[in-house]
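In UniProt numbering, the protein residues as written are 1 to 343. All residues carry an ideal CB built from backbone N, CA and C; glycine is no exception.
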């Protein structure tokens, strides 16, 4: 049984809202630009010994161009690796795995991005592998992830010298899936697959994180927040202005594995146990079906349960920051985003 950990989040007053037509864009770019900067800054600071510089470079002359302290070069890959997926299905930009899209787009026009790869500290390989909604159940398929990424690596290593120069150690991939770069929703299959060999030298930005050793973390990585739509900030009331008439809230799957795979239970039976023990308790507002007003329920709640699903992490934790409830994390050994920096 997973162990519940209560994480108390301090509610801060909101800033005045941006104009309606700019709000989504500002939140989208600002949040993920910050997330990417912090992720790579922390990694670069603690692992700079990987690429030691024997002699300090000469100081540039007055008025000379100075590159940013942290420079990221974004490979301009053919649209079949990224943009075509957006055109095929709009969910690619908005579902819980969409950090791979958000980070790529946040870098457009960012001072972190450099046009000259010679000035880069890191190289982003922007491949969208969570956008194949071809499965019958509506969830994204990851069966194409490894060959698509392998193709991208072959391309950048053939056309540019930078991958081969470092064996990919200064290259960055966003792996915002259940078990990161293991590319499978089921933990046993993910562990059996492991991280592709060609990605193991690189830096991975993962939404998955646990404190114990795990095959899906066997590469340099930073745990980042999962994607939450900027729509949250458009309508969300000020936390202190909302009547909190729900003590404990959860809406989501609570039953046996919906695919009926023998011996596999969704959430390791944690959600089913919550339902069996507390359904009918007036202090618990538990619901199993989708509801368009889901976030209005969150805004009325004091505590929101964040149990594991297939993987330990959940976007509910990030929604709590925006909507001002207290998340109750139920996932053994989970590592939260930026664990070495955010207490």
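According to DSSP, is residue i part of a helix, a strand, or is it coil?
| i | result |
| --- | --- |
| residue 79 | helix |
| residue 72 | strand |
| residue 279 | coil |
| residue 306 | strand |
| residue 320 | helix |
| residue 171 | strand |
| residue 287 | strand |
| residue 117 | helix |
| residue 330 | strand |
| residue 124 | strand |
| residue 313 | coil |
| residue 93 | helix |
| residue 157 | helix |
| residue 248 | strand |
| residue 267 | helix |
| residue 141 | strand |
| residue 130 | coil |
| residue 301 | strand |
| residue 335 | coil |
| residue 325 | coil |
| residue 176 | coil |
| residue 101 | helix |
| residue 111 | coil |
Measure the Cβ-Cβ separation of residue i and residue j and say whether it is below 7 Å.
| i | j | result |
| --- | --- | --- |
| residue 337 | residue 203 | no |
| residue 158 | residue 183 | no |
| residue 148 | residue 129 | yes |
| residue 267 | residue 308 | yes |
| residue 100 | residue 153 | no |
| residue 246 | residue 165 | no |
| residue 133 | residue 89 | yes |
| residue 180 | residue 216 | yes |
Short of 6 Å in beta carbon distance, which residues of its chain neighbour residue i, apart from the five on each side in sequence? Order them along the chain.
| i | result |
| --- | --- |
| residue 185 | 178 and 310 |
| residue 303 | 248, 326 and 328 |
| residue 333 | 210, 211 and 212 |
| residue 168 | 201 and 202 |
| residue 341 | none |
| residue 135 | 141 |
Between residue i and residue j, which are expected to be in contact by the criterion C-beta below 8 Å, what is the C-beta distance as a whole number of angstroms?
| i | j | result |
| --- | --- | --- |
| residue 96 | residue 126 | Contact doesn't hold; Cβ gap of about 19 Å is too wide. |
| residue 196 | residue 150 | 7 Å |
| residue 218 | residue 200 | 7 Å |
| residue 254 | residue 271 | 4 Å |
| residue 295 | residue 232 | 6 Å |
| residue 306 | residue 330 | 7 Å |
Only counting the same chain, and skipping five residues up and downstream in sequence, which positions put a Cβ closer than 8 Å to that of residue i?
| i | result |
| --- | --- |
| residue 335 | 209, 210, 211 and 223 |
| residue 291 | 251 and 297 |
| residue 345 | Because the chain is modelled from 1 through 343, residue 345 falls outside the range shown and cannot be assessed. |
| residue 117 | 73, 123, 160 and 162 |
| residue 214 | 191 |
| residue 142 | 129, 130, 132, 177, 183, 184 and 185 |
With a cut-off of 7 Å, does the C-beta of residue i fall near any C-beta of chain B?
| i | result |
| --- | --- |
| residue 150 | Among the chains of the structure shown, chain B does not appear; only one protein chain is present. |
Give every residue of the same chain whose Cβ lies closer than 7 Å to the Cβ of residue i, excluding the five residues on either side of it in the sequence, and list them in chain order.
| i | result |
| --- | --- |
| residue 226 | 96, 99, 176, 207, 313, 315 and 318 |
| residue 244 | 300, 301 and 302 |
| residue 91 | 133 |
### Sequence ranges, alpha helix (DSSP H) only - wholly within the stretch 178 to 231, length at least 4
Runs of the alpha helix (DSSP H) inside the stretch 178 to 231: 187 to 193.
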